[in-house]
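Student:
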Amino acid sequence: MADASILTNIGDRVRVKEKAREFGLGILQEIPKILQHISNSSHKQDVRDWEINLLNLKRITLSREILVGVQGETGLGKSSLLNELLRNQIVPTSQVEACTAAVCIYGYNHEVGENKRYMAKITFKSWATVEAELTGLKEELAESDNQRESQDDDDADGSESCSYYSKRNIDMVCAWSGLEEDDIRSLSPIEIMQKGNFNKIRNRGLRLPTDDKTCSRTISAPNSNKFKKMLRPYAESMDLNSHRTQYWSLVEQVEVYLKAPILRHGIKLVDLPGTQDALSFRAEIAETFQDRLAKQIVVSPASRAGDNKAAADLIFTENDLMKFHLDNKFKADTLCVAITKIDDIQTANAAEEFPTKEIIELQHRLRGVPPEESEDDDFNSEAEDYTRVSVKKKGNSNKRRHASGVSGDNKRQRVDSYEDDESMTTRLVEAQLEEEQAIEEGESRLKYLCIQERNCKMVQNVVESLLKAAKSHASSQAIASSLPAVIPLSSHAYNKMKFGKDATGFPTLESTGIPALGKWLTDTSLPIREAWVDSDLHHIQVLFDAVHGWTQDEFNTLPVLTTDEKKKIRQAVREVGDDLKEIIKKVRIKIQRQLITMKPLRRKNLVKTYVKIHENGENQLERSFGNLKHAIKAWERKNPRGHASSAGKHEKVHWGTYKASIRRHGGLYRTVPKKGAVRRTFNWMADVHTSFWRGHHEKWQTAFSRNFPTLKDKVRGTIHLAYDQWITVLLDNEDLPVSFRDMVKKNSYKMENVFLFFTDKIVASMDNLRGKALRMSKVDVLSTLTKQMKPGFEAALSKRGPGIMKKQAAEISEHVETIGFGMFEMVRDDLEVKLREEVHQVMLATRRYWQDPKEGCGVIMQKELKRISTRLCANGAKKNDDEGTGIDEATEKKLIELIGVWQKEWQQVEARLPQAARLIAFDENDDNDDAGNEFAKEDETKEDEIALKTEPGESEE
0 MADASILTNI
10 GDRVRVKEKA
20 REFGLGILQE
30 IPKILQHISN
40 SSHKQDVRDW
50 EINLLNLKRI
60 TLSREILVGV
70 QGETGLGKSS
80 LLNELLRNQI
90 VPTSQVEACT
100 AAVCIYGYNH
110 EVGENKRYMA
120 KITFKSWATV
130 EAELTGLKEE
140 LAESDNQRES
150 QDDDDADGSE
160 SCSYYSKRNI
170 DMVCAWSGLE
180 EDDIRSLSPI
190 EIMQKGNFNK
200 IRNRGLRLPT
210 DDKTCSRTIS
220 APNSNKFKKM
230 LRPYAESMDL
240 NSHRTQYWSL
250 VEQVEVYLKA
260 PILRHGIKLV
270 DLPGTQDALS
280 FRAEIAETFQ
290 DRLAKQIVVS
300 PASRAGDNKA
310 AADLIFTEND
320 LMKFHLDNKF
330 KADTLCVAIT
340 KIDDIQTANA
350 AEEFPTKEII
360 ELQHRLRGVP
370 PEESEDDDFN
380 SEAEDYTRVS
390 VKKKGNSNKR
400 RHASGVSGDN
410 KRQRVDSYED
420 DESMTTRLVE
430 AQLEEEQAIE
440 EGESRLKYLC
450 IQERNCKMVQ
460 NVVESLLKAA
470 KSHASSQAIA
480 SSLPAVIPLS
490 SHAYNKMKFG
500 KDATGFPTLE
510 STGIPALGKW
520 LTDTSLPIRE
530 AWVDSDLHHI
540 QVLFDAVHGW
550 TQDEFNTLPV
560 LTTDEKKKIR
570 QAVREVGDDL
580 KEIIKKVRIK
590 IQRQLITMKP
600 LRRKNLVKTY
610 VKIHENGENQ
620 LERSFGNLKH
630 AIKAWERKNP
640 RGHASSAGKH
650 EKVHWGTYKA
660 SIRRHGGLYR
670 TVPKKGAVRR
680 TFNWMADVHT
690 SFWRGHHEKW
700 QTAFSRNFPT
710 LKDKVRGTIH
720 LAYDQWITVL
730 LDNEDLPVSF
740 RDMVKKNSYK
750 MENVFLFFTD
760 KIVASMDNLR
770 GKALRMSKVD
780 VLSTLTKQMK
790 PGFEAALSKR
800 GPGIMKKQAA
810 EISEHVETIG
820 FGMFEMVRDD
830 LEVKLREEVH
840 QVMLATRRYW
850 QDPKEGCGVI
860 MQKELKRIST
870 RLCANGAKKN
880 DDEGTGIDEA
890 TEKKLIELIG
900 VWQKEWQQVE
910 ARLPQAARLI
920 AFDENDDNDD
930 AGNEFAKEDE
940 TKEDEIALKT
950 EPGESEE
């Protein structure tokens, strides 16, 4: 008997539903085989339509994805972490250089066949993209005074800064083009691409410079070793001085498909280039990919996370935190901090660093109590003589030696008892081995305890820092309390243990942290997977309903209708179509008014923003402007956001570094990597961007993070209820001929799928609106701010002579004082206008989704109703089985048996499901608001009538 317990746990529930989905799809795939013999043209078309629906369902189940980015600075173990999550050493790793050259997306391989066990799709950059990159390089090389830029406190390093980046970029072009450095400097971008290996690598002919199309190449292999060799030139950044042609710098994206369990249900892991990479273009790749990610794993080493003074500052910048909050990703189900390399720990001072009772006792047992120092120790040994030290030996080494005058009898006795001595030696060796094993186990236990203690402290440090950072970006404790997950882990230890080796300090696989990260990925994806599987199960059920309809007599025989009944059916099709059109129109108006009355930046909705009204005491612009003035002062210091005791907190930045940022108009600037020196990153325009959102992020989060998801749920609920109401009224209308209602009921699965398709398109357009809004909040806002700040940077760059930094800082401050407030006001107004236009486009698209003459859902519904009418109203009585073979009794029996198998399985699953959440829909008074009348009137002026065409030979009698 099946287990009747209620599936309250979402993990158990999703797995049971997904198993039922696979079971249902398996049965559905058998149905077309049973119906192969049908030759009746009308019935054959019904089966063909049904089969297309099934194929679409299977395609959708395989195409869904949850993108999870793994990112962090170069060399922190991102790639090693990915290898352990994938259970495959397929991601390139290195302890020295950055390995990940392009965005690498790892997804599940659904293909079968030995030669396709590992597959990859490599997408190359377009001609236009590479030309733009080469043009930027040529402009950088052409700067006459670029050699005077300095990245460090020694002005002599200025030429080193230029030569380092220029040399790296030139070497990179030489690597793929096959040209010499002199050629790169002398040729134009187009000439470099034409004379080099660009088109050969892309496997395409010559293209015009305006060509913005990418091209791709697919590779596959039966095993991982062969696959890695094939993939390496495209995904791994190799030695630039190698004489081999290298492809990686021309690769835009690599999609790798393999059979990893973590990827089976739609998760795709994304290996991003290091965000602090020496090559800035790789860091920019990671930045631009952010908006596509559903979840993110940020890697930070234990040495950094353990700094309780600035744990969050070292993991996230202020600008990172603002972006996470704008995207509503600063929470446990979308963001995880992975603290790596927790096995890198020393236990020599364990009792002092982690003074727990067990650690103190264990350290004393393993190493003894530290000896007391003698006052004469300093005088009884030579300071330079490191050989004159007492060595502690294992075992009882302090036993008194036998005197030299041992009797001969004792010697003979030992000789006579040789066998006893051999046995004694064996026991001593075994005892020594046991002692050594006990010591090893004790040391491993001590390291484990130290790791766990440090893990607790690190997690506490990071959580406290993140909580403090969250509060600075949130208006309430409820928002601030939703923090990212923090998981300490060791990829190295997990890798050893999965092959059966011991890892000191890690008694179990769970203690390495990798299983916990895998569980986080699985658990946070469950709500998404449940929404997917619920939709699929509904689709499966309507397909079974259609098959059930075919088993009825009406499938094989159409009734003979009177002339009056035919008229009623034709009239009914018109009336039903009009009713449906009116229902959808009301739904569209409700959606439109909800969107246009959003208040994403201030108390005014998007309809009223073009009217200059008093701000009602709101001070968003004042807060943003005040934050900006504070930020430009901070640009003059080395480490303005560090802890109070941090080095460089109040120390002035070198004038050469300041000038380097000005020359880039406040854009991204990274210092040259040096031994023993921490590379610094400067991005002044990111600070300006953050300053704007300091005053506006609360309204933005309310509109797009809290209200928007509810709005989407209401759209789904409203359309679903509208369909239920429409189909119920139609089927219960006794004025309509019974034959028409029966035929509509039999084909209702098609109509319901049309409504589902319509709903999905509207929700997709709303998701697209939100995605555009998020991009505008970053890209468009930053672009406008950059244009407004550029004159100030150019004026500052023109300053010369002694005290240059002071003059430049004064020029920038004066520029900000002059245009700062107005700049932020203009950015806000422009963003509201763009949002208003995007909402308008969504509403035009919503109307188009229903009324488009070719693909509109309303047109599809009308065609289906028309098809039913045509079949019923055909002149003369007609037996469908006269036209060809239909469903006979044996076929009907097979179909009923398959339906019964599914129903039995589904009833067992359905009995264990908790009560479904009630659908939420728009209130009746949602369409009584006059705020959206402007859009409503514009839409109503162009309502397209969907006229029914009369088929040739069809009479209206």
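Letter by letter, the sequence shown follows residues 0 to 956 of numbering that gives the first Met the number 0. We put the CB at the ideal spot given by N, CA and C, even for glycine. Model, not experiment: these values are computed from the prediction.
Only counting the same chain, and skipping five residues up and downstream in sequence, which positions put a Cβ closer than 6 Å to that of glycine 512?
Tutor: The count along the sequence shown starts at 1 and reaches residue 512 at position 513. If we look at glycine 512 and ignore the five residues flanking it on each side, its Cβ neighbours are Ile486, Pro487, Leu488.
Student: Between the C-alpha atoms of glycine 76 and valine 298, what's the straight-line distance to the nearest angstrom?
Tutor: Here residue 76 refers to the residue found at position 77 when the sequence shown is read from its first residue. Here residue 298 refers to the residue found at position 299 when the sequence shown is read from its first residue. Approximately 8 Å between the Cα atoms of the pair.
Student: Within the same chain, show all residues whose beta-carbon is closer than 7 Å to that of serine 868, passing over the 5 residues directly before and after it, in chain order.
Tutor: By 1-based counting over the sequence shown, the position of residue 868 is 869. For serine 868, where only same-chain residues beyond five positions count, the Cβ hits under 7 Å are Ile568, Arg569, Val572.
Student: Please state whether DSSP places glutamate 72 in a helix, a strand or coil.
Tutor: Mapped onto the sequence shown, residue 72 falls at position 73. Coil.
Student: Around the Cβ of valine 111, are there at least 16 other Cβ atoms within 10 angstroms (buried) or fewer (exposed)?
Tutor: In the sequence shown, residue 111 corresponds to position 112, counting from 1. Valine 111 is exposed by the Cβ-count criterion.
Student: What did DSSP end up calling phenylalanine 681 once you bin it into helix, strand or coil?
Tutor: On the sequence shown, position 682 is the one that residue 681 refers to. Residue state, collapsed to three classes: strand.
Student: Does the Cβ of arginine 592 have 16 or more other Cβ atoms within 10 Å, making it buried, or fewer, making it exposed?
Tutor: Indexing the sequence shown from 1 puts residue 592 at position 593. So arginine 592 counts as buried.
Student: Cβ of glutamine 289 within 9 Å of Cβ of lysine 322?
Tutor: Within the sequence shown, the letter at position 290 stands for residue 289. Within the sequence shown, the letter at position 323 stands for residue 322. Cβ atoms of glutamine 289 and lysine 322: closer than 9 Å.
Student: Are the Cβ atoms of tyrosine 105 and valine 90 separated by less than 9 Å?
Tutor: One-based indexing of the sequence shown puts residue 105 at position 106. One-based indexing of the sequence shown puts residue 90 at position 91. Yes, Cβ-Cβ distance for tyrosine 105 and valine 90 is below 9 Å.
Student: Please name the residue in Asp577, Arg866, Thr339, Lys589 whose C-alpha comes closest to that of methionine 842.
Tutor: In the sequence shown, counting from the first residue as 1, residue 842 sits at position 843. Out of Asp577, Arg866, Thr339, Lys589, Lys589 has the C-alpha closest to the C-alpha of methionine 842.
Student: Where arginine 184 and alanine 794 are concerned, what is the direct C-alpha to C-alpha distance, given to the nearest angstrom?
Tutor: If you number the sequence shown from 1, residue 184 lands on position 185. If you number the sequence shown from 1, residue 794 lands on position 795. Approximately 30 Å, taken between the alpha carbons.
Student: Nearest CA to the CA of threonine 561: which residue from Leu427, Phe739, Gln861?
Tutor: Counting from 1 along the sequence shown, the entry for residue 561 is found at position 562. Nearest option by C-alpha distance: Phe739.
Student: Could you check the C-alpha separation between glycine 135 and serine 187 for me, to the nearest Å?
Tutor: For this step, residue 135 is matched to residue 136 along the sequence shown. For this step, residue 187 is matched to residue 188 along the sequence shown. Glycine 135 and serine 187: Cα-Cα distance of roughly 11 Å.
Student: Hey, how far is the Cα of arginine 20 from the Cα of glutamate 697?
Tutor: Position 21 of the sequence shown holds residue 20. Position 698 of the sequence shown holds residue 697. The straight-line gap from Cα to Cα measures roughly 41 Å.
Student: Would the segment 712-724 count as touching the segment 901-919 if we require 3 or more Cβ pairs under 8 Å?
Tutor: At 8 Å Cβ cutoff, the stretches touch.
Student: Would you grab the beta carbon distance between tyrosine 657 and methionine 788 for me? Rounded to a whole angstrom, and I think it's under 8 Å.
Tutor: Taking the first residue of the sequence shown as 1, we reach residue 657 at position 658. Taking the first residue of the sequence shown as 1, we reach residue 788 at position 789. Rounded, the Cβ-Cβ distance is 15 Å, inconsistent with contact.
Student: What is the rounded straight-line gap between the Cα of alanine 643 and the Cα of valine 652?
Tutor: Numbered from its first residue, the sequence shown carries residue 643 at position 644. Numbered from its first residue, the sequence shown carries residue 652 at position 653. Bear in mind that the predicted position of alanine 643 carries a pLDDT of just 45, short of 50, making it unreliable; the figure below should be weighed with that in mind. In a straight line, the C-alpha of alanine 643 is about 17 Å away from that of valine 652.
Student: Where DSSP assigns a beta bridge to valine 485, which residues make up the other side?
Tutor: Position 486 of the sequence shown, counted from the start, is the residue given in the question as residue 485. Answer is Val336.
Student: Starting from the Cα of leucine 257, find the closest Cα among Ser165, Asn87, Cys872, Thr689 and give me that residue.
Tutor: Counted from its first residue, the sequence shown places residue 257 at position 258. Leucine 257 has its Cα closest to that of Asn87, out of Ser165, Asn87, Cys872, Thr689.
Student: Could you pull the DSSP bridge partners for lysine 651 from this structure?
Tutor: Position 652 of the sequence shown, counting from 1, holds the residue named residue 651. DSSP lists Arg636 as partners of lysine 651.
Student: Looking at isoleucine 898 and phenylalanine 543, is the spacing between their C-beta atoms short of 9 Å?
Tutor: In the sequence shown, residue 543 corresponds to position 544, counting from 1. In the sequence shown, residue 898 corresponds to position 899, counting from 1. Cβ distance < 9 Å, so phenylalanine 543 and isoleucine 898 count as in contact.
Student: Do serine 976 and isoleucine 450 have their C-beta atoms closer together than 9 Å?
Tutor: Residue 976 cannot be examined here, being either before or after the span of the chain that is shown, 0 to 956.
Student: Can you tell me the Cα-Cα spacing of glycine 68 and leucine 80, whole angstroms?
Tutor: The residue labelled residue 68 in the question sits at position 69 within the sequence shown. The residue labelled residue 80 in the question sits at position 81 within the sequence shown. Cα to Cα, glycine 68 sits roughly 12 Å from leucine 80.
Student: If you run the structure through DSSP and keep just helix, strand and coil, what is leucine 292?
Tutor: Within the sequence shown, residue 292 is the residue found at index 293, counting from 1. Three-state result, leucine 292: coil.
Student: Is it buried or exposed for alanine 220, if we count other Cβ within 10 angstroms and need 16 for buried?
Tutor: To locate residue 220, count along the sequence shown from 1; it is residue 221. When all chains shown are included, alanine 220 counts as buried.
Student: Hey, could you find the ends of the alpha helix (DSSP H) threonine 845 is sitting in?
Tutor: As a first step, residue 845 is located in the sequence shown; it is residue number 846 there, counting from the start. Per DSSP, threonine 845 belongs to the alpha helix (DSSP H) from 803-850.
Student: Please report the distance separating the alpha-carbon of leucine 516 from that of methionine 684.
Tutor: Taking the first residue of the sequence shown as position 1, residue 516 is located at position 517. Taking the first residue of the sequence shown as position 1, residue 684 is located at position 685. Distance between the alpha carbons of leucine 516 and methionine 684 is about 35 Å.
Student: Express the C-alpha separation of isoleucine 266 and serine 524 in angstroms, rounding to a whole number.
Tutor: By 1-based counting over the sequence shown, the position of residue 524 is 525. By 1-based counting over the sequence shown, the position of residue 266 is 267. Going by the C-alpha atoms only, they are around 8 Å apart.
Student: Helix, strand or coil: how does DSSP classify cysteine 872 here?
Tutor: Taking the first residue of the sequence shown as 1, we reach residue 872 at position 873. In the structure shown, cysteine 872 sits in coil (DSSP, three-state: anything other than H, G, I, E or B).
Student: If you check the beta carbons only, do glycine 177 and asparagine 196 fall under 9 Å apart?
Tutor: Residue 177 sits at position 178 when you count from the first residue of the sequence shown. Residue 196 sits at position 197 when you count from the first residue of the sequence shown. Against a cut-off of 9 Å, the Cβ pair of asparagine 196 and glycine 177 comes out as a contact.
Student: Which of helix, strand or coil does DSSP assign to tyrosine 657?
Tutor: If you number the sequence shown from 1, residue 657 lands on position 658. Three-state result, tyrosine 657: helix.
Student: According to DSSP, which residues form a beta bridge with aspartate 270?
Tutor: Here residue 270 corresponds to residue number 271 of the sequence shown, with the count starting at 1. Answer by DSSP bridge pairing, in chain order: Val69, Cys103.
Student: Can you tell me where the alpha helix (DSSP H) holding alanine 220 begins and where it ends?
Tutor: Numbered from its first residue, the sequence shown carries residue 220 at position 221. That residue, alanine 220, is in no alpha helix (DSSP H); its beta strand (DSSP E) goes 214-220.
Student: With which residues is serine 299 paired in a DSSP beta bridge?
Tutor: For the purposes of this step, residue 299 is taken as residue 300 along the sequence shown, with counting starting at 1. According to DSSP, serine 299 bridges with Ile338.
Student: Does DSSP put aspartate 11 in a helix, a strand or coil?
Tutor: Residue numbering aside, residue 11 sits at position 12 when the sequence shown is read from its first letter. Helix.
Student: Applying the criterion that 16 or more other CB atoms from any shown protein chain within 10 Å of the CB defines a buried residue, is leucine 465 buried or exposed?
Tutor: Locating residue 465 in the sequence shown gives position 466, counting from the first residue. Flag for leucine 465 reads buried.
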